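My numbering numbers the first residue of the sequence shown as 39 and each following residue consecutively.
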Amino acid sequence: KDLLHEKEQDILRVCFICGINRDKLERSSDGFFKHIKKDHYMWNYLFYQAYLMKKQSTEYNGTESYVSEKIKKSDISWFPLKRALSVKDEAEEESQKLDLLNSVTSNMGRIRNSLEDTMKKVTRIIDCLLYTSDAADDLLCVDLGGRRIIKKK
39 KDLLHEKEQD
49 ILRVCFICGI
59 NRDKLERSSD
69 GFFKHIKKDH
79 YMWNYLFYQA
89 YLMKKQSTEY
99 NGTESYVSEK
109 IKKSDISWFP
119 LKRALSVKDE
129 AEEESQKLDL
139 LNSVTSNMGR
149 IRNSLEDTMK
159 KVTRIIDCLL
169 YTSDAADDLL
179 CVDLGGRRII
189 KKK
């Protein structure tokens with residue numbers, strides 16, 4: 039009774055074909071039930087085996103020959119164990135996150151450098167304007183690049 043209950047729970051928690059647990063499939067794809075009914079529908083694997091048994095081996099294509107040989111040897115390595123197209127590889131996903139982080143960091147560095155250059159230019163302009171303003175306050179007239187500004191009393 040306990041063994042039967044455990045098997046029923048396993049059917050509800052793990053894909054029969056790939057062995058990926060429900061939680062991971064819920065996070066990484068369109069959900070567990072879509073995965074087991076569409077992506078890895080277990081009856082399609084049985085139908086495929088029956089199809090190969092009915093088909094003449096001389097008419098097999100490369101994939102069919104490969105799978106047929108595996109079935110004859112009771113080798114299930116042709117099953118996508120711990121793999122599914124709808125589930126991204128965690129290492130690949132981590133690599134993509136690192137690439138994105140590096141890209142953002144690089145862009146932030148370029149923006150910071152650009153802002154520093156702009157701030158230096160603005161500081162020079164402000165210094166020049168302050169100098170000109172102070173000179174205008176101190177003198178009766180100020181020479182601004184060839185133009186004379188005369189301060190009225």
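Glycine residues also receive a C-beta, built at the ideal position from the N, C-alpha and C atoms.
Bear in mind the structure is a predicted one, so any value in this text is a computation, not a measurement.
Beta-carbon proximity of residue i to residue j, cut-off 8 Å
i, j, result
"G57", "L63", "no"
"L123", "D77", "yes"
"S106", "S115", "no"
"Y83", "I109", "no"
DSSP state of residue i mapped onto helix, strand, coil
i, result
"N99", "coil"
"V125", "coil"
"K158", "helix"
"L167", "helix"
"L119", "coil"
"K135", "helix"
Cβ-based neighbour list, residue i, same chain, cut-off 7 Å, excluding 5 preceding and 5 following
i, result
"V125", "I58, K62, L63, S66, S67"
"Q87", "I109"
"C53", "L63, H73, I74, H78"
Cβ shell of residue i (< 8 Å), same chain only, five flanking positions each side left out
i, result
"K93", "E102"
"L90", "Y98, E102, V105, S106, I109"
"D137", "none"
"M80", "F54, I55, I74"
"N151", "none"
Interface flag, residue i vs chain B, CB-CB below 8 Å
i, result
"Y98", "You won't find chain B in this structure, because it holds only one protein chain."
Contacting residues, own chain, Cβ-Cβ under 6 Å from residue i (five flanking each side not counted)
i, result
"R60", "R51, F70"
Near the ligand FAD: residue i beta-carbon under 7 Å from a heavy atom
i, result
"T101", "Ligands displayed in this structure: none; no statement on the ligand FAD is therefore possible."
Practice task
Any chance you could list the beta strand (DSSP E) runs of at least 3 consecutive residues sitting entirely within the segment 45-114, in chain order?
Solution key: Runs found: none.
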